[in-house]
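As numbered in the numbering used here, residues 1 to 399 make up the sequence shown, in order. From the three backbone atoms N, C-alpha and C, an ideal C-beta is built for every residue, glycine too. Because the structure is a prediction, the values reported are computed rather than measured.
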Amino acid sequence: MSRLEKAFIPYGGYYSTPFCKWQGSFQHENAIELGARCSKKWFERKQWNPNEELDYLYLGITVGQPSVFYGASWAATLMGAPDVPGLTLMHACATSTTTLFQAASAVELGNAGSAYCLMVDRCSNGPHTIWPNPKGPGGEVISENWNMDNMGGDPSTGIAMVQTGEKIARENGFTKEQADELTLRRYEQYADALKEDRAFQKRYMLPVEIAVSKRETRVVDADEGVTSTSREALRKLKPTTENGILSFGGQTHPADGNVGFVVTTRENAARLSADAGIPIQIVAYGYSRAEKASMPAAPVPAVRMALQRAGLTIHDMKAIKNHNPFIVNDLYLAQALDIDAMNFNHYGSSLVFGHPQAPTVGRLLIEAIEETVLKGGGYALATGCAAGDNGAAIIVKVG
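What follows is the structure, encoded as structure tokens:
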């Protein structure tokens, strides 16, 4: 696959909900129902009829929810597009990137004129699966906690996610002091998105109405559960593993939320755009699988693939967003690609605002697009690692 030419996102043809730290305001909401409800509200705001505008729905989700068996078709019905077929996708933390690429490929090939990508997840109250174990003594079963068990160990290696971060830190000589300084910078960048009454976030963030009781609702209009920090506070935090560098300050937190994107032709994008003078072209996608137990390193070869396919260099990017479940991810990306670690992930990153998995890189891409618009246009990159030492990257051209 070479450079993509025909797939576009309308300017403003996307949204993200606030991200709520797990066991927060979204903890009791079925992620599919909530995502469909948010999408329906967003379509109504846009005065678009999704049943007429869309040919296909791609639903990205990684944490099972009741009725996920019906996945995309159920979500389409709930959001007001009962005639639209769809597909459900799971690619761990790279779900947004890969879902957008699937939609872009469909448009590129003429298989769809207009597709919708809805990425949803709820880490709160994660499901527990009971598997039959006919050979188990006394009828014992095999149980799985979808969140905790999988964060605790890759079945291919038996190694926990945090240990992959520490492995990359050791191999590259990163220190806790470096980790703390870059973590502090990420919090400062997020604070920029809150200036002027959250002016940057309000460019794309959709408030969500949540039922408190049968008679009471309330609106969640900002991220929930983001902690404040300082250089001194970070220095005091001890690493979570022996001889490690990653404290709780240098790690993300599980969260809940959803994002939506329209991916369509150039002509449709211009018609639907909030500003037809700001076309957003999906240019290239890259993927990778790193050495075993090296998850934070995986985005680098994915980025290189995407850049090669686009015919660009990393220095052509006006905005770079990297999913950082561990601050080591950013330290490694900067070192490997020869860029300034302090000068990407502007306005926020998953380390700070949380990680609902499927929607995470989708929100990063939205922020990259809006940052690039503020800079007068150019190329934007969103990338990140995923469970199983996977990586994925996507490049868009803005304006």
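Proximity winner among Val226, Gln251, Thr227, relative to lysine 238 (alpha-carbon distances): For this step, residue 238 is matched to residue 238 along the sequence shown. That would be Gln251, whose Cα lies nearest to the Cα of lysine 238.
Nearest-angstrom Cβ-Cβ length linking serine 96 and methionine 79, presumed shorter than 8 angstroms: Locating residue 96 in the sequence shown gives position 96, counting from the first residue. Locating residue 79 in the sequence shown gives position 79, counting from the first residue. Not a contact, Cβ separation roughly 18 angstroms.
Cutoff 7 angstroms; reference proline 64; Cβ partners in own chain excluding five residues on either side: As a first step, residue 64 is located in the sequence shown; it is residue number 64 there, counting from the start. One point to set straight first is that residue 64 is glycine, not proline, in the sequence displayed. So the list reads Pro127, Trp146, once near-sequence residues are dropped.
Reduced DSSP secondary structure (H/G/I, E/B, other) of phenylalanine 101: The sequence position of residue 101 within the sequence shown is 101, counting from 1. The answer is helix: DSSP assigns phenylalanine 101 an H, G or I state.
Reference leucine 337; option with closest CA among Val352, Phe353, Ile320: Position 337 of the sequence shown, counted from the start, is the residue given in the question as residue 337. Residue Ile320 is the option with its Cα nearest to leucine 337.
Backbone CA spacing between cysteine 20 and alanine 255 [nearest angstrom]: Translated into positions along the sequence shown, residue 20 becomes position 20. Translated into positions along the sequence shown, residue 255 becomes position 255. Cα to Cα, cysteine 20 sits roughly 5 angstroms from alanine 255.
Sub-7 angstroms separation of glycine 260 and tyrosine 15 beta-carbons: As a first step, residue 260 must be located in the sequence shown, where it is residue number 260. As a first step, residue 15 must be located in the sequence shown, where it is residue number 15. Going by C-beta atoms, glycine 260 is nearer than 7 angstroms to tyrosine 15.
The stretch 34–45 / the stretch 294–314 touching (three or more Cβ pairs under 8 angstroms): no
Burial state of threonine 217, where buried means 16 or more other Cβ atoms lie within 10 Å: Residue numbering aside, residue 217 sits at position 217 when the sequence shown is read from its first letter. Exposed.
CB contact flag (tyrosine 190, glycine 384, <7 angstroms): Counting from one through the sequence shown, the residue named residue 190 turns up at place 190. Counting from one through the sequence shown, the residue named residue 384 turns up at place 384. No, these two residues do not count as a Cβ contact at 7 angstroms.
Bounding residues of the alpha helix (DSSP H) (the contiguous stretch that carries threonine 77): The residue given as residue 77 occupies position 77 in the sequence shown. Taken as a continuous stretch (DSSP letters only), the alpha helix (DSSP H) holding threonine 77 covers 71–78.
Local Cβ density within 10 Å of tryptophan 131, reported as buried at 16 or more and exposed below that: Locating residue 131 in the sequence shown gives position 131, where the first residue counts as 1. It is exposed - the Cβ of tryptophan 131 has fewer than 16 other Cβ atoms within 10 Å.
Buried or exposed (CB count within 10 angstroms, at least 16 for buried), arginine 186: For the purposes of this step, residue 186 is taken as residue 186 along the sequence shown, with counting starting at 1. It is buried - the Cβ of arginine 186 has at least 16 other Cβ atoms within 10 Å.
Unbroken alpha helix (DSSP H) run spanning cysteine 117, endpoints: If you number the sequence shown from 1, residue 117 lands on position 117. Element bounds for cysteine 117: not the alpha helix (DSSP H) but the beta strand (DSSP E), 114–122.
Own chain partners of glutamine 27 with C-beta closer than 6 angstroms, once the 5 adjacent residues on each side are dropped: Residue numbering aside, residue 27 sits at position 27 when the sequence shown is read from its first letter. Cβ neighbours of glutamine 27 beyond the five flanking positions: Ser124, Asn125.
Tryptophan 42, enclosing alpha helix (DSSP H) - first and last residue: For the purposes of this step, residue 42 is taken as residue 42 along the sequence shown, with counting starting at 1. Here the alpha helix (DSSP H) through tryptophan 42 covers 31–46.
For aspartate 180, the residue or residues it bridges with in DSSP: Stepping through the sequence shown from its first residue, residue 180 is reached at position 180. None; aspartate 180 has no bridge partner.
Separation of glycine 139 from glutamate 224, as counted between CA atoms: Looking up residue 224 in the sequence shown gives position 224. Looking up residue 139 in the sequence shown gives position 139. One C-alpha to the other measures close to 43 angstroms.
For tryptophan 42 and leucine 206, believed in contact at Cβ under 8 angstroms, the rounded distance: Taking the first residue of the sequence shown as position 1, residue 206 is located at position 206. Taking the first residue of the sequence shown as position 1, residue 42 is located at position 42. Contact flag correct, Cβ pair sits at about 6 angstroms.
Contact the stretch 284–292 vs the stretch 390–399: 3+ CB pairs below 8 angstroms: yes
For proline 254, the three-state DSSP class (helix, strand or coil): For the purposes of this step, residue 254 is identified with residue 254 of the sequence shown, where counting begins at 1. Correct three-state label for proline 254: strand.
Spatial neighbours of leucine 4 in its chain, beta-carbon cut-off 7 angstroms, leaving aside the 5 residues before and after: The residue labelled residue 4 in the question sits at position 4 within the sequence shown. Hits under 7 angstroms: Ala104, Glu108, Ile282, Val283, Ala284.
For serine 156, the nearest candidate out of Ala293, Lys202, Val262, Thr183 (CA to CA): Counted from its first residue, the sequence shown places residue 156 at position 156. Comparing Cα positions, the closest option is Ala293.
Exposed unless 16 or more other CB atoms sit within 10 angstroms - verdict on arginine 215: Translated into the one-based positions of the sequence shown, residue 215 becomes position 215. By the neighbour-count rule (16 or more Cβ atoms within 10 Å), arginine 215 is not buried but exposed.
Residue from Glu291, Glu371, Gly13, Ser228 whose Cα sits closest to the Cα of glycine 249: Along the sequence shown, one-based indexing puts residue 249 at 249. When only C-alpha atoms are compared, the closest one is Ser228.
Extent of the continuous alpha helix (DSSP H) run through glycine 165: Your numbering for residue 165 matches position 165 in the sequence shown. Counting along the chain, the alpha helix (DSSP H) containing glycine 165 begins and ends at 161–172.
Pair within 7 angstroms by beta-carbon distance, serine 273 and proline 66: Start at 1 with the first residue of the sequence shown, and residue 273 comes out as number 273. Start at 1 with the first residue of the sequence shown, and residue 66 comes out as number 66. No; because the gap between Cβ atoms is not below 7 angstroms, this pair is not in contact.
Those residues which DSSP pairs with arginine 218 across a bridge: Residue numbering aside, residue 218 sits at position 218 when the sequence shown is read from its first letter. Ile210.
Cβ neighbours of histidine 253 in the same chain (closer than 6 angstroms, five flanking residues each side left out): Against the sequence shown, residue 253 aligns to sequence position 253. Cβ within range, chain order: Lys21, Gly354.
Straight-line Cα distance separating glutamate 242 from lysine 236: For the purposes of this step, residue 236 is taken as the residue at position 236 of the sequence shown. For the purposes of this step, residue 242 is taken as the residue at position 242 of the sequence shown. So the two alpha carbons sit approximately 15 angstroms from each other.
Beta-bridge pairing of phenylalanine 8 - partner residues as DSSP gives them: Here residue 8 corresponds to residue number 8 of the sequence shown, with the count starting at 1. BP columns for phenylalanine 8 point to Thr264, Gln281.
N-terminal and C-terminal residue of the alpha helix (DSSP H) that glycine 439 is part of: No answer is possible for residue 439: the residues shown for the chain start at 1 and end at 399.
C-beta atoms of threonine 88 and leucine 59 nearer than 7 angstroms: Taking the first residue of the sequence shown as position 1, residue 88 is located at position 88. Taking the first residue of the sequence shown as position 1, residue 59 is located at position 59. Yes.
Glycine 126 in three-state terms, based on DSSP: As a position in the sequence shown, residue 126 is number 126, starting the count at 1. In the structure shown, glycine 126 sits in coil (DSSP, three-state: anything other than H, G, I, E or B).
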